[in-house]
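In order, the protein sequence lines correspond to chains R and X.
Just add 8 to the spot in the first sequence (first one is 1) and you have my numbering.
Just add 176 to the spot in the second sequence (first one is 1) and you have my numbering.
Glycine included, C-beta positions come from ideal geometry on N, C-alpha and C.
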Amino acid sequence: MTDAATLLAPPRRRHAGQGARLRAACYGLLGILTLAAVWELYKGLGPVDGLVVGDIRVLPRTSDLAMPHVWDMIARLFEPVTRAEGARVLWLEIVLAAGLTLGIAAAGWVVGVIVGMAFALIMQRWILAESALLPWIVLSQTVPLIAFAPLVKSWGSRIEIGAFEWQDWMSVAVIASYLAFFPVAVGALKGLQSPDRLHLELLHTYSAGWWPTMLHLRLPAAVPYLLPALRLAAANAVVGAVVAEVSTGLQGGIGRLVIQYAGQASGDPAKAWAPIFGAIALGLIAAGSVALLGLLVKDYRRTEGAA
Amino acid sequence: MSNAVTVTGVDKVFDSGAGQVVALTEVALDVAPGEFVSLIGPSGCGKSTLLRLIADLESPTNGTVEVFGTSAHQARLDQRYGIAFQQAGLLPWRTVAANIALPLELSGMPKSDVRARVDELIALVGLGDFGDRFPDQLSGGMQQRVAIARALAKKPQLLLMDEPFGALDEMTREYLQTELLRIAAETGAAVVFVTHSIPEAVYLSDRVVVMSPRPGRIAEVVPMSLGSTGSRADDLREDGSFFEMITAVREALHGGGVAAAPRGVENR
Ligand SMILES: Nc1ncnc2c1ncn2[C@@H]1O[C@H](COP(=O)(O)OP(=O)(O)O)[C@@H](O)[C@H]1O
Ligand SMILES: [Mg+2]
């Protein structure tokens, strides 16, 4: 029987095996090492004063002030933040600041995902809502954040309901969510509209209404569209949180440290790079956590094709 | 007892962008309970449209469609029929068992009853140990069996099938034809079965409805005098009476007022 023959074959693997994952990690490491090598190579061989064309500097100076050695930047992480007595070691200071920013970004991500999903559901439910809302949603992303952040902060500071008082970190979270909701709304809408006519008609023959169809067909079908959207939303939330920290002047987060240490760069050039590494690590952690989420729902990423 | 299907004076006209398409004119058809009726004819003669009218996935422009004595609409709401298409249409994220369970879950059946019914259905279509597999781990033939099990989940007394074996290889197809006859006999369900293949129609049916295009209509209804469908087996395919019936259907197809040989019909 032809059926039996195909069944004896092992099910096809759709997800990267252990080997592939290890290889990906190696390539990632290799990329970082290459970057460090290029940095040092330019620092060693590049023109001391950089290259200026007209009034524009197209290549940076290679001085220790502009481009500290990679090993200096790393070594600096293990020295105290300041010379003051009892000062924390720099990497710990960065981790604590990054932790705060990550928490705010996570709150923004959650709000953004909820709002984005709500928009997607509304636009799927009513065609009219799609044509009315979608252009505004796209337009919303063209508002410059830097201008927008202080406004949110000043609106927020006027909110006081009973015991609830608006905190400054909430303004930052709101701005993070403003960047995070967009990919979710667009990705989820596309996913909710992805089921084919065959499946929709099948549910129709079971006289399933809008909500059961949503639950059993549209939402599961949207998962493969949703995962990259959620990852993008996570990266956006981190960028939004860092930028909003800077422009609202929130203390304690990684955004604040970027500005603060940049101000001290003339005396301590390697230190200024530490929060930047912290911000990059933050983005990776955020996107990586969402990738883990993807493992939980891997059955929803299967395709229909026959083996 | 009322007919499984009663189609009376049905016209179907589609308004498409380019103008009107007359898909069906003056169609009348009765299907008795437990009867197996095939619809055959060249592409575009309205076979799928007729099936979709019975399923209440389209509504007729004129005339009426009744299923078990009620309107097709009411019959769909009451889920009096099960349906299967050329593509199995399984949900890829659900296992075989969960796919078959879907119509039962949607109607609010208690979990333990669902479990029991699904086990029954898996056994009925011969899927034995494959309840935990996902659709992408099955061959096309096995997927189609799951689709049939799902169509039978709510014990409908009417099965509507649109070229369900059309995408399968000949071996699997003949095997599933015999399986389908067994299942139809066991459940006592009437079947309306759309096909392109004359031997398939002859092998399966009590009556073969021959349709012709432009405009789509029923040209002739050919009764198969081959004994009860439940007792047919593969040796029938080599029997003289089988070839006589094939000839009868072929002549009905060619003499259906169409000068040229109908396209899209398999004569093998
Ligand atoms: N939704 C639709 N809109 C417009 N025309 C349609 C639609 N469905 C079917 N038709 C037309 O109706 C005719 C019959 O189609 P169909 O029932 O699918 O034929 P068959 O299944 O016999 O190949 C064809 O000419 C087809 O183009
Ligand atoms: Mg068709």
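Rounding to the nearest angstrom, what Cα-Cα distance links Ala273 (chain X) and Ile298 (chain X) in this structure?
In a straight line, the C-alpha of Ala273 (chain X) is about 8 Å away from that of Ile298 (chain X).
Fill in: Through-space distance from Lys223 (chain X) to Pro236 (chain R), alpha-carbon basis
42 Å
Hey, would you say the C-beta of Ser388 (chain X) is under 6 Å away from at least one heavy atom of ligand 1? no
**Report entry** Runs of beta strand (DSSP E) wholly within the stretch 56-107 of chain R (minimum 3 residues, chain order)
**Finding:** 59-61 and 64-67
### Query
To the nearest angstrom, how far is it from the Cα of His212 (chain R) to the Cα of Phe212 (chain X)?
Taken atom to atom, the span from the alpha-carbon of His212 (chain R) to that of Phe212 (chain X) is near 25 Å.
6 Å Cβ shell around Pro191 (chain R) - same chain, five flanking residues per side excluded: Ala237, Leu240 and Ala241
Worksheet entry | Proximal chain X residues relative to Ser215 (chain R), where beta-carbon distance stays under 7 Å | Arg252, Leu253 and Gln255
- prompt: Got a sec: does ligand 1 put a non-hydrogen atom nearer than 6 Å to the Cβ of Thr225 (chain X)?
  reply: yes
Subject >> Beta bridge counterpart(s) of Tyr257 (chain X) as assigned by DSSP >> reply: X:Leu334
Let me see if you follow: with CB-CB separation under 7 Å, is Gly193 (chain X) close to chain R or not? Not an interface residue.
So, are the CB atoms of Ala329 (chain X) and Pro268 (chain X) less than 7 Å apart? no
Mind checking whether Leu200 (chain X) and Gly392 (chain X) have CB atoms under 7 Å apart?
yes
Notebook entry, point to check: Quick one, are the C-beta atoms of Cys147 (chain X) and Pro340 (chain X) less than 7 Å apart?
Noted result: Any question about residue 147 (chain X) goes unanswered here, given that chain X covers just 177 to 444.
- request: With a threshold of 6 Å, establish whether the CB of Ser219 (chain X) neighbours any heavy atom of ligand 4.
  value: This structure lacks ligand 4; the ligands present are ligand 1 and ligand 2.
Phe310 (chain X): buried (16+ other C-beta within 10 angstroms of its C-beta) or exposed?
buried
_Using a Cβ-Cβ cutoff of 8 Å, what residues of the stretch 263-281 of chain R are near chain X? List them in chain order._
none
CA-to-CA distance, Ala157 (chain R) to Pro19 (chain R), given in whole angstroms = For Pro19 (chain R), the predicted model reports a pLDDT of 42, less than 50, meaning its position is unreliable; a value from the coordinates is still stated below. Cα to Cα, the separation comes out at about 51 Å.
inquiry  = If you reduce the DSSP assignment to three classes, tell me which class Met285 (chain X) lands in.
reply    = coil
Any beta-carbon of chain R closer than 7 Å to the one on Pro132 (chain X)? Residue 132 (chain X) lies beyond the range of chain X shown here (177 to 444); nothing can be said about it.
ask   = Would the beta-carbon of Val203 (chain X) fall within 7 Å of that of Val181 (chain X)?
value = no
Is any heavy atom of ligand 1 found at a distance shorter than 6 Å from the C-beta of Ala260 (chain X)? no
Using the beta-carbon count (16 or more within 10 Å), is Tyr35 (chain R) buried or exposed?
exposed
Would you call the stretch 349-368 of chain X and the stretch 308-325 of chain X touching, i.e. three or more CB-CB distances under 8 Å? yes
Buried versus exposed call for Gln175 (chain R) [16 or more other C-beta atoms within 10 Å across all chains shown]: exposed
- Query: Under 7 Å between the Cβ atoms of Val386 (chain X) and Ala428 (chain X)?
  - Reply: yes
Worksheet item: CB Ala184 (chain R) to CB Gly286 (chain R), shorter than 7 Å?
Response: no
For Phe190 (chain X), does the three-state DSSP call read helix, strand or coil? strand
_In whole angstroms, give me the CA-to-CA distance for Ile82 (chain R) and Trp281 (chain R)._
Near 9 Å, if we compare the C-alpha coordinates of Trp281 (chain R) and Ile82 (chain R).
State whether the stretch 98-111 of chain R contacts the stretch 257-274 of chain R, with contact taken as three or more CB pairs (one from each stretch) at a distance under 8 Å.
yes
>> Strictly below 7 Å CB to CB, what residues from chain X border Tyr308 (chain R)?
In response: Trp269
Exercise. With 16 other CB atoms within 10 Å as the buried threshold, where does Lys188 (chain X) fall?
Worked result: buried
On the three-pair Cβ rule with 8 Å, is the stretch 215-222 of chain R touching the stretch 263-280 of chain R?
no
Self-check item: Closer than 7 Å at the beta carbon, the chain X residues around Pro220 (chain R)
Solution: Residues of chain X passing the Cβ test: Leu282.
Tell me whether Pro399 (chain X) sits in a helix, a strand or coil according to DSSP, three-state version. strand
- Query: What are the boundary residues of the alpha helix (DSSP H) that Asp216 (chain X) is part of?
  - Reply: For clarity, residue 216 (chain X) is Ile in the given sequence; the question names Asp instead. Where Ile216 (chain X) is concerned, there is no enclosing alpha helix (DSSP H), although the beta strand (DSSP E) it sits in stretches over Phe212 to Ile216.
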